[in-house]
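See below for the structure under consideration.
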Amino acid sequence: MKKILFFILGAVMMVACESVIHIDISSMEPLLVVNGVLSDRDPFVINVSGSKRPQENDYPDLKNPQVRIFHEGRALPMGDRCHSDGYYNEYSFLGLEESLLKEGERYEAEVSAEGFKSLRIPFELPERNLEVLRAWVEEFPETNERSLFVKMQLPQTSAYFEIILHNLSSDEKLVWETPFCSRRKYTTKAAYWQAGFEFGVDDYRDHATVFSREMWEEDIVTLEIKQLISGAHFKEETRLALRTTTEAHYRYDLSFRNYSFSKDNILAEPVNVYSNVPGGAGILTGSVIDIYEIENLPEAPEYPEEPDYWGPDFWE
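Counting with UniProt numbering, you get residues 1 to 316 for the letters of the sequence shown.
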């Protein structure tokens, strides 16, 4: 009788243990990390890297990564692949000089690499439903501040957007301070917050802020972005770019800001934040861009020529 009771208790304990101990093998499989916010104006760029451990940040070298974009079953022409030897072991896949992506159209990206599960990622470019009524700069010498004001007409429906300062004469998208760890104040009638996220950076890793229509009750709002004079520089060809993007981009931006970086690897790009990449990680979505003039642009500062420390005869 005791043996039978012991056997029954042992069986119950084994069942209990099986119900408690659970190992999610799929969470330990390597993932492809795909990132890109493609547009109808610029050449599209898709960054691809890999993660050995999705719950951490560990970036192996990728072997034979491939990216293809399809529209209605037809593959779009892609540019050269360029390998980045930086921290993330990324590969950047470039589109043509002029983007082939169109407003309101649906697309699919096919991403693969040796040792990783191939991905098929659907995405679309939103339709234009925002308008900038006026953009201008004001200076406040008493506080050593300079502000960019953007007066916008917002739609009745949901909308998500970024504001980017764009230099039309070159590939330099950022003409407003440096793209790392600066402080910003965003002021509106309905909301005020201060955050350490980049303004005007055309890249997901540099913390560009995506705004939501739901932040304002009014249909016409003015967004003020404050900036110290010492940090800003403009050029005659500086323009304001309004990027209408998607809810997926907005949710990724929020999760990226709220992510607590690993103490062991604080510089690593997090892969376990919000993702719209089925079977992988990251963000792949579309956007449309409109360019606007900026009033009262301050004159570009004159930088002195750097002295020739080596002397004219150094290389002779």
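Virtual Cβ for every residue (Gly too), placed ideally from N, Cα, C. No experiment lies behind these values; they were computed from the predicted model shown.
Residue span of the beta strand (DSSP E) that contains residue i, given as start and end
| i | result |
| --- | --- |
| I294 | It is not in any beta strand (DSSP E) - I294 carries neither H nor E in the DSSP assignment. |
| S39 | L31 to S39 |
| Q66 | Q66 to H71 |
| A109 | R106 to S112 |
| K151 | E145 to Q153 |
| P122 | L119 to E124 |
| L76 | From DSSP, L76 is part of no beta strand (DSSP E); its letter is neither H nor E. |
Proximity of residue i and residue j at Cβ, strictly below 7 Å
| i | j | result |
| --- | --- | --- |
| Y292 | A109 | no |
| T244 | L154 | no |
| E103 | E127 | yes |
| G280 | L32 | yes |
| V210 | H249 | yes |
| I69 | L76 | yes |
| P65 | Y107 | no |
Residue i, buried or exposed, once every other Cβ within 10 Å from all chains shown has been counted against 16
| i | result |
| --- | --- |
| residue 320 | The chain is shown from 1 up to 316; residue 320 falls before or after that span and cannot be answered. |
| D219 | exposed |
| G115 | exposed |
| L148 | buried |
| T143 | exposed |
| K189 | Confidence is the limiting factor: at K189 the pLDDT is only 34, short of 50, which leaves the residue's position unreliable and the question unanswerable from this model. |
| S158 | exposed |
| A195 | In this prediction, A195 has a pLDDT of 30, which is less than 50 and means its spatial position is unreliable; what the coordinates show is noted afterwards. Flag for A195 reads exposed. |
| N296 | exposed |
| I225 | buried |
| S275 | buried |
| G50 | buried |
| R146 | buried |
Which listed residue (the options) has its alpha carbon closest to that of residue i
| i | options | result |
| --- | --- | --- |
| L165 | V45, E103, D253 and E237 | E237 |
| L223 | E162, P278 and P65 | E162 |
| H71 | N64, D61 and L100 | L100 |
| E217 | E247, R41 and M152 | M152 |
| I121 | P278, P298, D290 and Y252 | P278 |
| E247 | Y160, V273, E214 and P298 | Y160 |
| D40 | E29, S49 and E105 | E105 |
| K117 | P30, F44 and P298 | P30 |
Beta-carbon separation (whole angstroms), residue i vs residue j, contact threshold 8 Å
| i | j | result |
| --- | --- | --- |
| L284 | V34 | 5 Å |
| V111 | V67 | 5 Å |
| I294 | L242 | The Cβ separation is near 12 Å, so there is no contact. |
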